[in-house]
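Q: The structure follows.
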Amino acid sequence: MNFQEAERKWQGFWEEKKIFATPLAPKKKYYVLEMFAYPSGDIHIGHFRNYTIGDAIARFKKKQGYDILHPFGWDAFGLPAEEAAIKRKIHPQEWTLNNISVSRTTLKQVGISYDWDREIITCLPDYYRWNQWIFLKMFEKGLAYQAKSLVNWCPGCKTVLANEQVQEGTCWRCHQQVTKKELLQWFFKITEYAERLLNDLDKPLKWEKPDPLLETEHHSDSESTAVPDAASSRKQKDQNSDGVSPPIRKPIEWPEHVKSMQKNWIGKSEGAKIVFKLDPDGIELPVFTTRPDTLFGVTFISIAPEHPLTRELAKNLPQEKGVLNFIEKAVLESEMMRTAAGDKNGVFTGRYALHPLTGEKVPIWTADYVLAGYGTGIVMGVPAHDQRDFLFAQKYRLPIKSVILPREQVSMQTLLSDNQPKTESAYSPETLSESIPGRLFKQLSKESPYKVLNPPTQTDEPFTQAYEEPGIMINSGEFSGLDSEKGKKKVTEKLKEKKLGDFEIRYKLRDWLISRQRYWGTPIPIIHCSSCGAVPVPESELPVKLPENVQNFIPQGRSPLEDVKEFFVTVCPKCCGQAHRDPDTMDTFVDSSWYFLRYTDSKNNKLPFTPEKADQWMPVDQYIGGVEHATGHLLYCRFITKVLHDMGYVSVEEPAFKLFNHGMVLDKHGEVMSKSKGNVVSPAYLMEKFGVDAARIAMFFAAPAEKELLWNEEGVGGAVRFLNRIWRYAESVLETSEENARQSEDTSRQTGSPSQELLSKYSGSDSEVLNIKLHATIQKATEDLERFSFHTAVAALMELLNLMEEETKNGAVSKLQAEKCIEIFAHLLSPFAPHFAEELWEKLKNPPSIFESPWPTPDEKALLILKSASISIPSDVTITANTQNKEGASVTAKPVTAEQIRAALKGEVELVVQINGKVKDHLIIPANLPEEEIKTKALNLTKIKSQTDGKEIKKVIVIPKKLINIVV
RNA sequence: GCCGAAGUGGCGGAACAGGCAGACGCGCGGGUCUCAAAAACCCGUGAGGGCAACCUCUUGUGGGUUCGAUUCCCACCUUCGGCACCA
């Protein structure tokens, strides 16, 4: 069979008959989405893997009777288009649209079942105007704001970057060192959603449109969610009070490592804000700490060099010059350089702060290990209980005061005594610089009324590290003797009482910096007026179109749009005075943060989408893409979904119910494919050489979908062989049913196929073994598709084919049975090799398309025979891809061998006979033989006898239908 | 350093709510067909030993639980990924 010809034929057919068009009124919907593509040249083999996975799922689900939304589009804004434009002197738009057209053609040739009618291209005004619309809505709610702050600046791309785009201190695109600049920029207030973004990773959520195939429960929900939202009023309508079962709530099913990366990124920490006051002027120096229980161990305060107060502190003091020098040095060095060494530098500012509880004077230092961007930019130094503070204190000979002891080192009796420890007198680095940590500790231990049984280190030696664990508080005034965990609360409460502190929660997550000083992006719909300030462009004037007549795309550190007078200069919508447009464009991650919603209503020119249509399809049931987006795109799209949810535009609070991360495709040596290495394999080449279906089969079979795949062309040869074998089998079977023996003889001569041999041996009855194998394979393929285990599904099909051939050769198969096998085979193969499956389906004289014919279900009776022989075949399929949770773990159908089936058919079971757990022999017995008889039989086996002779048999363990273990 | 995932033949990998390790494929070796080759088909293929039937060893290493561990527990080693002065 000519694969390429069949591909063209079926692709034409699908398109003409609109087989994969999205149903307008879905009854049981399934939204499959692969991350859309950045159009740089043609699609590569990584895309090929991504999209064929999605395609297999879409086709499988369609055959299971779901109404499918499976769209595609292009993430078309971005820097490479400008770079290409500069290099090749063509407009970014031209370059982008050309690439899209090339890639689209390839994708169509790959035969992915997209509904191309819903295609979106983000660089066109009918898409990006809705970025602007969303921006304006967020601006209205205060979720988009402009602020001057220290931001990441990439000198290579000459633009600012979001935190998520800085990787190990370098730019995600050009890998240059990122520096800091103070600039006025636009931000999205993602921090306001930090808590929800964190909680909803695990929280059971209500999904507005439950899957009718999996859930029959009705919605009766109206209980208010924790967050007040506009959409909640709409939910009232669902309320039926007739005691129907509560709505199913389940958390998103995302890979654990993606969740944990996001948790990490959000970085919640609970603690306290504590206010130290500057001595003597009382200026507040708030610090954030997660360890308020160690407050009595504070021996210094450090402030970030970039902190605006730092300069002020040393003003007119002898220390001023040193401090200014230090600030300059620290600010100049990139954060990377400062943090890489791990060594801590600082200088004394010459000032002191007052301890909020003891009133002691504590020296204020400025230190480079204190980050300006986290917490308050000021830190309380507790060297005894924080390793960083410890290293710093050690380096500058600052005192170390122990206030927490390990629980087991404090005896119970002493805890009961109620003495107060002596308070330390005020100290300064000058007076205490000679006190070495060890001596101080020894001294403190002596002075403490609590008996120290085993101090953290030998008292004669200095501390070597801070004690960071919880324990019992000592030397802490009224709190001494408390457990540190309780102490955290007590100390904070006390501070709150004195109005010198409070409980506080902090996140590492920063607001999302969205402005870019580049041309090829969505213009920010804001007009700056000297009298009215930043004025939003009225909704009616959207889109703010990107001007096309730009002279110079070369980045200059400010947006090229600033030089396009007819764009830049405008009038204020409020006062009609002279004004100018915001020259910056949006981060392209804005485009991708809501595109999945646009697909649900892609042609709407009144709204980005109507809530009704979004609710028809949302959430994405299965989202598929690479892990590289774990803390970028996947966080942003969750954020924007929640924002739109709160505004009442979508019911769901999360964009995607399930997420699957496929592995990378590497060359056969495990190297990343790149043009410079010359090891790139293009889908176009594979299609030409082997055909798409063989390439797809090879891709699926080569490795588990979530793992990286070492691409080896020899595997495609195997896939071609596999498809050819099926085809030849089908030919040999079907040609005789046409009683066209002569032709089959010719074919067999030409192809060397064994059809003659096969045909002469057709039996009048069916092979039971093959029949059971067939149903076991349906079961296994179904389950494997559900859990994204494509390689084992393909393996199961190969096993089935092996047995089909073998049984046919043995003369055990009837023509009818062979045809039935081929038909089922076509169904099971169709998600993987769709064109080939259509061809087989047609050959069986079925009306196309096979994708409009239902997925087969296994015959329970056939499976029962296996069950009775305790060959595990689970009955309910409740498998979820990508979830590793133990409780919900599913049992999967094991591969079943022909021998096992044969034994099962005879009502017999094959038992394994072990001695001391090692397999020695096998025993075939009727399934219901009593245990005693089994034992006797096993012990009488000659092999067993010879090895148990002269040994004492201690025990015989019989596991019904499985094994016998003889312990000697 | 912290968090996460993983270590099984020459290779990709399978099995794991504890029960025949190596399914399926690639590669390799041998054969059939052929003047020859390709294709196709058949047989073999974890390692070691024995003429042989057979025997011994084997799922990163070392312990443990168990009649029985690739699967569960503890420690360690290695690889990959993420985070990394976050107070």
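Under the working numbering, the first residue of the first sequence carries the number 151, and numbering increases by one thereafter.
Don't be surprised by glycine CBs; every beta carbon is placed ideally from N, CA and C.
According to the Cβ coordinates, are LYS658 and ILE416 closer than 8 Å?
A: Within the first sequence, numbered from 1, the residue matching residue 658 stands at position 508. Within the first sequence, numbered from 1, the residue matching residue 416 stands at position 266. Yes, Cβ-Cβ distance for LYS658 and ILE416 is below 8 Å.
Q: So ARG461 is in the alpha helix (DSSP H); what residue range does that whole segment cover?
A: On the first sequence, residue 461 is found 311 positions in, with the first residue counted as 1. Note, ARG461: alpha helix (DSSP H), 458-464.
Q: Name the DSSP bridge partner or partners of GLU864?
A: By 1-based counting over the first sequence, the position of residue 864 is 714. Per DSSP, none; premise fails for GLU864.
Q: Quick check on this structure: which residue in ILE704, VAL694, VAL1063 and GLY707 has the alpha carbon closest to the alpha carbon of GLU716?
A: Locating residue 716 in the first sequence gives position 566, where the first residue counts as 1. The option with the nearest alpha carbon to GLU716 is VAL694.
Q: Can you list, in chain order, the stretches of the alpha helix (DSSP H) that have 4 or more residues and sit fully within the region 620-646?
A: If we require 4 residues or more, the region 620-646 turns out to have no alpha helix (DSSP H) run fully inside it.
Q: Could you spell out the range, first to last residue, of the beta strand (DSSP E) harbouring VAL1106?
A: Position 956 of the first sequence, counted from the start, is the residue given in the question as residue 1106. Start and end: 1105-1109.
Q: In the region 162-238, which residue ranges form an unbroken alpha helix (DSSP H) of at least 4 residues, counting only runs that do not cross its ends?
A: Those alpha helix (DSSP H) runs which fall completely within the region 162-238 and span 4+ residues are 195-213 and 229-238.
Q: Between PHE337 and ILE664, which are expected to be in contact by the criterion C-beta below 8 Å, what is the C-beta distance as a whole number of angstroms?
A: Sequence index remark: in the first sequence, residue 337 carries index 187 (1-based). Sequence index remark: in the first sequence, residue 664 carries index 514 (1-based). With a Cβ gap of about 7 Å, PHE337 and ILE664 count as contacting.
Q: Report back the beta-carbon spacing between GLY865 and ALA848 to the nearest angstrom; my notes put them in contact at under 8 Å.
A: By 1-based counting over the first sequence, the position of residue 865 is 715. By 1-based counting over the first sequence, the position of residue 848 is 698. At roughly 5 Å, the Cβ-Cβ gap stays under 8 Å, so GLY865 and ALA848 are in contact.
Q: Around the C-beta of ASN702, are 16 or more other C-beta atoms found within 10 angstroms, so that it is buried, or is it exposed?
A: Translated into positions along the first sequence, residue 702 becomes position 552. Exposed is the call here.
Q: Roughly how many whole angstroms lie between the Cα atoms of SER299 and PRO620?
A: Looking up residue 299 in the first sequence gives position 149. Looking up residue 620 in the first sequence gives position 470. Their Cα atoms are separated by approximately 37 Å.
Q: With ARG268 and PRO221 assumed to form a contact (beta carbons below 8 Å), what rounded beta-carbon distance in angstroms separates them?
A: Translated into the one-based positions of the first sequence, residue 268 becomes position 118. Translated into the one-based positions of the first sequence, residue 221 becomes position 71. Contact flag correct, Cβ pair sits at about 4 Å.
Q: If you count every other CB in all the chains shown that lies within 10 Å of the CB of TYR1119, and 16 or more means buried, which is it?
A: Outside the displayed span of the chain (151 to 1118) sits residue 1119, for which this structure offers no information.
Q: Run through the DSSP bridge pairs and tell me what THR439 is partnered with.
A: Translated into positions along the first sequence, residue 439 becomes position 289. Answer is ALA422, bridged to THR439.
Q: Please work out which residues of its chain come closer than 8 Å, Cβ to Cβ, to LEU274, disregarding the five sequence neighbours upstream and downstream, and give them in chain order.
A: For the purposes of this step, residue 274 is identified with residue 124 of the first sequence, where counting begins at 1. Closer than 8 Å at the Cβ level, and outside the excluded window around LEU274, lie ALA226.
Q: Between which residues of its own chain and ASP661 is the CB-CB distance below 7 Å, once the five residues before and five after are set aside?
A: On the first sequence, position 511 is the one that residue 661 refers to. Closer than 7 Å at the Cβ level, and outside the excluded window around ASP661, lie PHE337, PHE338, LYS339, ILE340 and THR341.
Q: For ARG871, count neighbouring C-beta atoms within 10 Å of its own C-beta (all shown protein chains included) and say buried if the count is 16 or more, exposed if not.
A: Here residue 871 corresponds to residue number 721 of the first sequence, with the count starting at 1. Exposed.
Q: Taking 8 Å as the cut-off, decide whether the C-beta atoms of LEU1061 and LEU1113 are in contact.
A: Here residue 1061 refers to the residue found at position 911 of the first sequence. Here residue 1113 refers to the residue found at position 963 of the first sequence. Yes.
Q: Mind reading off the beta-carbon distance from LYS423 to GLU434? Whole number of angstroms is fine, and I expect it under 8 Å.
A: The sequence position of residue 423 within the first sequence is 273, counting from 1. The sequence position of residue 434 within the first sequence is 284, counting from 1. With a Cβ gap of about 10 Å, LYS423 and GLU434 do not count as contacting.
Q: Less than 6 Å between C-beta atoms, sequence neighbours within five positions excluded: which residues of the same chain meet that for GLU918?
A: Here the question's residue 918 lines up with position 768 in the first sequence. Contacts found: LEU1055.
Q: Is ARG708 helix, strand or coil when you go by DSSP?
A: Taking the first residue of the first sequence as 1, we reach residue 708 at position 558. Of the three classes helix, strand and coil, the one that applies to ARG708 here is coil, per DSSP.
Q: Output the distance between the C-alpha atoms of CYS722 and ILE262, rounded to the nearest integer angstrom.
A: If you number the first sequence from 1, residue 722 lands on position 572. If you number the first sequence from 1, residue 262 lands on position 112. Whole-angstrom Cα-Cα distance: 48 Å.
Q: Would SER690 be called buried (16 or more neighbouring beta carbons within 10 Å of its own) or exposed?
A: Residue 690 sits at position 540 when you count from the first residue of the first sequence. It is exposed - the Cβ of SER690 has fewer than 16 other Cβ atoms within 10 Å.
Q: Determine the DSSP secondary structure at SER882, reduced to helix, strand or coil.
A: Stepping through the first sequence from its first residue, residue 882 is reached at position 732. Of the three classes helix, strand and coil, the one that applies to SER882 here is helix, per DSSP.
Q: When you compare only the Cα positions, how much space is there between GLU1002 and LYS213?
A: In the first sequence, counting from the first residue as 1, residue 1002 sits at position 852. In the first sequence, counting from the first residue as 1, residue 213 sits at position 63. If I take the Cα positions, the gap works out to 7 Å.
Q: Looking at the structure shown, is TRP1005 part of a helix, part of a strand, or coil, going by DSSP?
A: Working through the first sequence from its first residue, we reach residue 1005 at position 855. It is coil, neither helix nor strand.
Q: Count the other C-beta atoms from every protein chain shown that fall within 10 angstroms of the C-beta of LYS638, then say buried if there are 16 or more, exposed otherwise.
A: As a first step, residue 638 is located in the first sequence; it is residue number 488 there, counting from the start. LYS638 should be labelled buried.
Q: Grouping DSSP H, G and I as helix and E and B as strand, with all else coil, what is MET530?
A: Looking up residue 530 in the first sequence gives position 380. Note: MET530 maps to strand in three-state DSSP.
Q: In whole angstroms, give me the CA-to-CA distance for GLU1037 and LYS930.
A: Here residue 1037 is taken as the residue at index 887 of the first sequence, counted from 1. Here residue 930 is taken as the residue at index 780 of the first sequence, counted from 1. Confidence at GLU1037 is low in this model, with a pLDDT of 31, below 50, so the placement of that residue should be treated as unreliable; the coordinate-derived value is given next. The straight-line gap from Cα to Cα measures roughly 21 Å.
Q: How is the beta strand (DSSP E) around PHE338 delimited, first residue to last?
A: Residue mapping note: residue 338 aligns to position 188 of the first sequence, counting from 1. That run of the beta strand (DSSP E) goes 329-338.
Q: Between which two residues does the beta strand (DSSP E) harbouring TYR773 extend?
A: The sequence position of residue 773 within the first sequence is 623, counting from 1. Its beta strand (DSSP E) spans residues 770-775.
Q: The beta strand (DSSP E) spanning PHE653 covers which residue range?
A: Your numbering for residue 653 matches position 503 in the first sequence. That run of the beta strand (DSSP E) goes 651-656.
Q: Starting from the Cα of VAL473, find the closest Cα among GLY500, VAL448 and CYS679 and give me that residue.
A: The residue labelled residue 473 in the question sits at position 323 within the first sequence. It is GLY500 whose Cα lies nearest to the Cα of VAL473.
Q: With distances taken between CB atoms, is the gap from TRP160 to HIS985 smaller than 8 Å?
A: The count along the first sequence starts at 1 and reaches residue 160 at position 10. The count along the first sequence starts at 1 and reaches residue 985 at position 835. Taking 8 Å as the Cβ cut-off, TRP160 and HIS985 qualify as a contacting pair.
Q: Near ALA171, what residues of its chain come up, given a Cβ to Cβ distance below 6 Å and the 5 sequence neighbours on each side ignored?
A: Position 21 of the first sequence, counted from the first residue, corresponds to residue 171. Closer than 6 Å at the Cβ level, and outside the excluded window around ALA171, lie ASP265.
Q: Starting from THR1086, trace the alpha helix (DSSP H) in both directions and tell me its first and last residue.
A: Taking the first residue of the first sequence as 1, we reach residue 1086 at position 936. Its alpha helix (DSSP H) spans residues 1081-1090.
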